[in-house]
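Undergrad: Protein chains in written order, with the working numbering: chain A, 1 to 327; chain F, 1001 to 1366.
Positions of the beta carbon are idealized from the N, C-alpha and C atoms, including for glycine.
The structure presented is a predicted model; accordingly, all values stated were derived computationally and were not measured.
Quick one: the structure is below, questions incoming.
Listed below in structure tokens is the structure:
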């Protein structure tokens, strides 16, 4: 129920774009249900875009963990818009929340927002993405995108036999992670002299755009042997384009994120591999750090922590469910 | 009284000439685009690639047809992209199995019911736009901007932020066929292209041969005058927004079947491409001027340009710059052409003695 309500609120917020009006009111009614020690105060969770399964997992994890530890939560989504992020931070400050879990909108753009909250005495814990200054946020827990991209690229290169022309689908160009992953791929793949990147196109993390771009790329380069994609959604679009063109046997696809649809594609043999971002682990850790700081005043030993990604291929796809890998 | 005679007699030719010049410009742009890209890429004119690009064009063209109706009235519909997403999501939700409210049962409606409901959702969004604009006098830009957010939010609410992918239906449940029909290629031509052709023909007839069409042009030309001469302007407004919503829902269904997945983000920013197609096709945003033919050409200009830039491997950032420049150029040329025509017409009219029966006047066009 609670989760549904929080998501309803996100939907309504997105719907009306009323970010400015400090729309983070989802806490009050949630405090009513459950007798668990809810005296802990409110943790503000600010994410990017819950219509993407990856960020949805992030929100769900944060809300569940915070409530387990006895806090109320508010959830907002800034859609990578630093202005909106600022408004949510202002809202959180005026509501006197006890901590903020933030997936920042840009490494440079978010410094000011984090500083503002910290100056107001509210600890900020960053998840998923980092800011380019240290010593302001209490923790920055990111998944190691570079390491993940390296893992994925190695598995993919092996699948194509280290030879042939390939194309790359690039994420939203303003998103730091798009470049990090692309560099990670290039770092591995440039070592294969027979692998040739013939074109890079952006599809903005989006499935429909991934399909459309892939269709044209197939027209331009009919003989490619593979596609490396910056995330799963674009890869899934590319897979559909390849299916329509009857070329899925010839072209190997690599994804990134480990979302449920992608895992299903890996199981079905349509996607060579994807890379699981440990978003659930990272977010849980961030909330636990926040809890520790609030209750005991202990700060995490190291501010910046990179959690390693896990390669998901046909061998372990069965064990993955909702971004969690069971042992 | 002779000037009235001169204008009255060659009227048919005059209109055609005018229309031809307006569309001619878009057509020239299209020819240039095709020529440039086919020179740069050997694959551009490959029949498979042409069919592929036309399929990409089709979705935007269908949206643009609805947009044209609204723009002919002097309005604008910013909500169509969100309607695409909402209707697609509704279709996806019904195909996955919809909970019957108040019971534990799950309904699996047959595909034709799904399609009709999804279309009705689009019509409903459009109807609301129309009522807001016609009866509550909300400016079209504001009414449809609001609806853009409302419809997108509803799509997110329905999906709970997730993507529906089980759309093929189940034989035992009797709801198969959504993908096999909407994503099929009858006679080697993709289904969306057929829909585009049918829509273009139907709306072309409606605009040119029916009282509704004449009324629509009249309301866009001079709303007050149209109202005084008995044109039901409020009803017309509601109808055009409703039709724009229906076009959007059609696109939503086609997009969902094409992917195949119903995502709440489907159709984001599609409204802008539709507006661009209409404007490149020679329509005036102030209303009263524009044709289906022009709009179709406009949609092809945008679609071929976008795909062509990818095909020849132009960098992502330049793609956007070029696309924007083409839109501005097309409209700027249109404006220059208009003002030259106008001033020439005025000059000719002023220079002519009232009695002269000048054959040149008709060539100028008004």
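Taking the alpha-carbon of residue 116 of chain A as reference, which of A:99, A:127, A:313 has the nearest alpha-carbon?
TA: As a working mapping, residue 116 of chain A is identified with position 116 in the first chain. Looking at A:99, A:127, A:313, the one whose alpha-carbon comes closest to that of residue 116 of chain A is A:99.
Undergrad: Of the choices F:1233, F:1315, F:1185, F:1330, whose alpha-carbon is the least far from that of residue 1029 of chain F?
TA: As a first step, residue 1029 of chain F must be located in the second chain, where it is residue number 29. Per the Cα distances, F:1330.
Undergrad: For residue 1074 of chain F and residue 1199 of chain F, I'd like the C-alpha separation in whole angstroms.
TA: Along the second chain, one-based indexing puts residue 1074 of chain F at 74. Along the second chain, one-based indexing puts residue 1199 of chain F at 199. Answer to the nearest angstrom: the Cα atoms are 21 Å apart.
Undergrad: If we ignore side chains and look at the alpha-carbon of each, how far apart do residue 171 of chain A and residue 1233 of chain F end up?
TA: Along the first chain, read from residue 1 onward, the residue named residue 171 of chain A stands at position 171. Along the second chain, read from residue 1 onward, the residue named residue 1233 of chain F stands at position 233. A straight line joining the alpha-carbon of residue 171 of chain A with that of residue 1233 of chain F spans about 46 Å.
Undergrad: Using only the alpha-carbon positions, how far apart do residue 1001 of chain F and residue 1350 of chain F sit?
TA: Stepping through the second chain from its first residue, residue 1001 of chain F is reached at position 1. Stepping through the second chain from its first residue, residue 1350 of chain F is reached at position 350. Note on residue 1001 of chain F: pLDDT 37, under 50, position unreliable in the model; no value is reported.
Undergrad: Could you tell me the distance, in whole angstroms, from the CA atom of residue 1280 of chain F to the CA atom of residue 1294 of chain F?
TA: Residue mapping note: residue 1280 of chain F aligns to position 280 of the second chain, counting from 1. Residue mapping note: residue 1294 of chain F aligns to position 294 of the second chain, counting from 1. Taking the straight line from one Cα to the other gives about 8 Å.
Undergrad: Taking the straight line between their C-alpha atoms, what separation do you get for residue 1230 of chain F and residue 1292 of chain F?
TA: Here residue 1230 of chain F is taken as the residue at index 230 of the second chain, counted from 1. Here residue 1292 of chain F is taken as the residue at index 292 of the second chain, counted from 1. Their backbone Cα atoms lie some 25 Å apart in a straight line.
Undergrad: Name the chain A residues whose beta carbon is nearer than 9 Å to that of residue 1099 of chain F?
TA: Sequence index remark: in the second chain, residue 1099 of chain F carries index 99 (1-based). Ordered by position in chain A, no residue passes the 9 Å Cβ test against residue 1099 of chain F, which lies about 14 Å from the chain.
Undergrad: So, with DSSP's three-state summary, where would you put residue 1320 of chain F?
TA: Position 320 of the second chain, counted from the start, is the residue given in the question as residue 1320 of chain F. Reduced to three states, the DSSP call for residue 1320 of chain F is helix.
Undergrad: Roughly how many angstroms lie between the CA atoms of residue 1050 of chain F and residue 1345 of chain F, to the nearest whole one?
TA: The residue given as residue 1050 of chain F occupies position 50 in the second chain. The residue given as residue 1345 of chain F occupies position 345 in the second chain. If I take the Cα positions, the gap works out to 41 Å.
Undergrad: By DSSP, does residue 86 of chain A sit in helix, in strand, or in coil?
TA: Locating residue 86 of chain A in the first chain gives position 86, where the first residue counts as 1. Here residue 86 of chain A sits in helix by DSSP.
Undergrad: Relative to the alpha-carbon of residue 1172 of chain F, which residue among F:1061, F:1108, F:1135 has its alpha-carbon at the smallest distance?
TA: Looking up residue 1172 of chain F in the second chain gives position 172. Closest by alpha carbon: F:1108.
Undergrad: Can you name the start and end residues of the alpha helix (DSSP H) that residue 147 of chain A belongs to?
TA: Position 147 of the first chain, counted from the start, is the residue given in the question as residue 147 of chain A. Residue 147 of chain A -> alpha helix (DSSP H) spans 145 to 160.
Undergrad: Using a Cβ cut-off of 9 Å (strictly closer), state whether residue 1434 of chain F contacts chain A.
TA: Because chain F here runs from 1001 to 1366, residue 1434 of chain F falls outside it and cannot be looked at.
Undergrad: From the DSSP output, which residues share a beta bridge with residue 140 of chain A?
TA: Looking up residue 140 of chain A in the first chain gives position 140. A:126, A:304.
Undergrad: Taking beta-carbon pairs under 7 Å, can you tell me which members of the stretch 250 to 281 of chain A lie near chain F?
TA: 261
Undergrad: To the nearest angstrom, how far is it from the Cα of residue 1063 of chain F to the Cα of residue 1347 of chain F?
TA: Start at 1 with the first residue of the second chain, and residue 1063 of chain F comes out as number 63. Start at 1 with the first residue of the second chain, and residue 1347 of chain F comes out as number 347. Roughly 40 Å separates the two Cα atoms.
Undergrad: Going along chain A in order, which residues have a C-beta closer than 9 Å to the C-beta of residue 1265 of chain F?
TA: Stepping through the second chain from its first residue, residue 1265 of chain F is reached at position 265. Neighbours of residue 1265 of chain F on chain A, chain order: 49, 51, 52, 206, 207, 208.
Undergrad: Starting from residue 1223 of chain F and walking both ways along the beta strand (DSSP E), at which residues does that stretch end?
TA: Reading the second chain from its first residue, position 223 is the one you call residue 1223 of chain F. Looking at the DSSP string, residue 1223 of chain F is not in any beta strand (DSSP E); the run it does join, the alpha helix (DSSP H), is 1223 to 1228.
Undergrad: Our contact map puts residue 1081 of chain F next to residue 1223 of chain F with C-beta atoms below 8 Å; I'd like the distance itself, whole angstroms only.
TA: Your numbering for residue 1081 of chain F matches position 81 in the second chain. Your numbering for residue 1223 of chain F matches position 223 in the second chain. Wrong, their Cβ atoms sit about 27 Å apart, outside the cutoff.
Undergrad: With DSSP collapsed to three states, give me the class of residue 177 of chain A.
TA: One-based indexing of the first chain puts residue 177 of chain A at position 177. Residue 177 of chain A falls in the helix class under three-state DSSP.
Undergrad: With 16 other CB atoms within 10 Å as the buried threshold, where does residue 257 of chain A fall?
TA: For this step, residue 257 of chain A is matched to residue 257 along the first chain. Buried, by the Cβ-count rule.
Undergrad: Can at least three beta-carbon pairs, one atom from the stretch 1126 to 1140 of chain F and one from the stretch 1233 to 1249 of chain F, be found at a separation below 8 Å?
TA: In short, these stretches touch, since the Cβ pair count reaches three.
Undergrad: Sorted by chain position, which residues of the same chain lie with C-beta nearer than 6 Å to residue 1134 of chain F's C-beta, five sequence neighbours on each side aside?
TA: As a first step, residue 1134 of chain F must be located in the second chain, where it is residue number 134. Same-chain partners within the cutoff: 1234, 1237, 1238.
Undergrad: Nearest CA to the CA of residue 56 of chain A: which residue from A:265, A:259, A:83, A:293?
TA: The sequence position of residue 56 of chain A within the first chain is 56, counting from 1. Across the set A:265, A:259, A:83, A:293, the C-alpha of A:259 shows the shortest separation from the C-alpha of residue 56 of chain A.
Undergrad: Confirm, please, whether the CB-CB distance from residue 63 of chain A to residue 103 of chain A is below 9 Å.
TA: Here residue 103 of chain A refers to the residue found at position 103 of the first chain. Here residue 63 of chain A refers to the residue found at position 63 of the first chain. Cβ atoms of residue 103 of chain A and residue 63 of chain A: not closer than 9 Å.
Undergrad: Suppose only complete runs of 3+ residues qualify. What are the beta strand (DSSP E) ranges in the stretch 51 to 113 of chain A, listed by chain order?
TA: 72 to 77, 99 to 102
Undergrad: Which residues of the stretch 1028 to 1041 of chain F have a Cβ closer than 8 Å to any Cβ of chain A? Give them in chain order.
TA: Going along the stretch 1028 to 1041 of chain F in chain order, one finds 1041 with a Cβ nearer than 8 Å to chain A.
Undergrad: Can you tell me the Cα-Cα spacing of residue 1262 of chain F and residue 1061 of chain F, whole angstroms?
TA: Here residue 1262 of chain F is taken as the residue at index 262 of the second chain, counted from 1. Here residue 1061 of chain F is taken as the residue at index 61 of the second chain, counted from 1. When rounded, the distance between both Cα atoms is 21 Å.
Undergrad: Using only the alpha-carbon positions, how far apart do residue 1129 of chain F and residue 120 of chain A sit?
TA: Stepping through the second chain from its first residue, residue 1129 of chain F is reached at position 129. Stepping through the first chain from its first residue, residue 120 of chain A is reached at position 120. Those two C-alpha atoms are separated by around 44 Å.
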